[in-house]
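Numbering (this note's numbering), first residue to last: 66 to 272. All C-beta atoms in this analysis are idealised placements derived from N, C-alpha and C, irrespective of residue type, glycine included. Some notes on the structure that comes next.
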């Protein structure tokens with residue numbers, strides 16, 4: 066009888082993880098906003114049933130495409146809940162931009178997420194690291210800001226030369242209200258045939 070009870074509890078935990086996984090996967094993009102100027106490809110391989118990694122690529126308007134990638138602390142259901150928070154926070158910023166007909170700089174988006182995060186009841190040990198960027202389809206400029214992303218995106222130009230993006234930045238975490246966090250924007254010029262690889266530290270850990 067005790068074994069049956071343990072098995073039932075174990076199955077309930079697995080069912081909860083499956084439910085959290087379905088929620089998390091539902092927040093990943095169903096399709097990517099490919100254009101004549103820029104093409105996108107993505108792969109997502111969670112190490113466990115529920116991963117702490119997340120990403121999205123989306124249209125901001127006719128000339129700009131936004132993207133973000135990152136990782137949250139922990140795994141399992143807690144990680145899924147953090148990704149839900151992040152998705153909702155960014156979605157609200159997108160809706161506000163549409164209403165105001167303005168585009169927030171990546172640094173402003175990260176600062177707003179940081180403020181939203183500090184208004185929640187999340188425990189002090191949880192945090193988010195991420196990069197948020199905007200690609201201008203007309204100028205081919207990519208403007209980005211980092212919130213503690215710990216692996217630098219790689220730029221491969223048309224000649225095959227590889228360079229790393231500078232991703233210094235403060236993680237999104239719980240801090241006293243008197244600490245004023247600032248995020249910095251950086252811009253790179255992309256050309257025809259250039260490629261940018263965004264990834265999380267899960268790729269390094271799997272190597």
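Best match in the options for proximity to residue i [C-alpha to C-alpha]
i	options	result
residue 20	121, 123 and 193	Nothing about residue 20 can be read from this structure; the chain reaches only from 66 to 272.
residue 240	202, 203, 254 and 191	191
residue 105	145, 209 and 130	130
residue 138	200, 118 and 152	118
Bounding residues of the beta strand (DSSP E) (the contiguous stretch that carries residue i)
i	result
residue 199	192–201
residue 137	129–137
residue 219	219–221
residue 259	Segment: none, residue 259 is in no beta strand (DSSP E) and carries neither H nor E.
residue 253	251–254
residue 118	118–124
Residue i versus residue j - alpha carbon distance
i	j	result
residue 149	residue 96	19 Å
residue 237	residue 216	16 Å
residue 248	residue 266	21 Å
residue 91	residue 196	21 Å
residue 156	residue 181	12 Å
First through last residue of the alpha helix (DSSP H) which encompasses residue i
i	result
residue 172	171–183
Bridge partners - residue i, DSSP secondary structure assignment
i	result
residue 104	Residue 104 pairs with nothing; no bridge assigned.
residue 211	196
residue 229	219
residue 69	DSSP, once it has assigned bridges, lists no residue as partnering residue 69.
residue 206	254
residue 237	193
Whole-angstrom C-beta distance between residue j and residue i, which should lie under 8 Å
i	j	result
residue 134	residue 168	That pair is no contact at about 19 Å.
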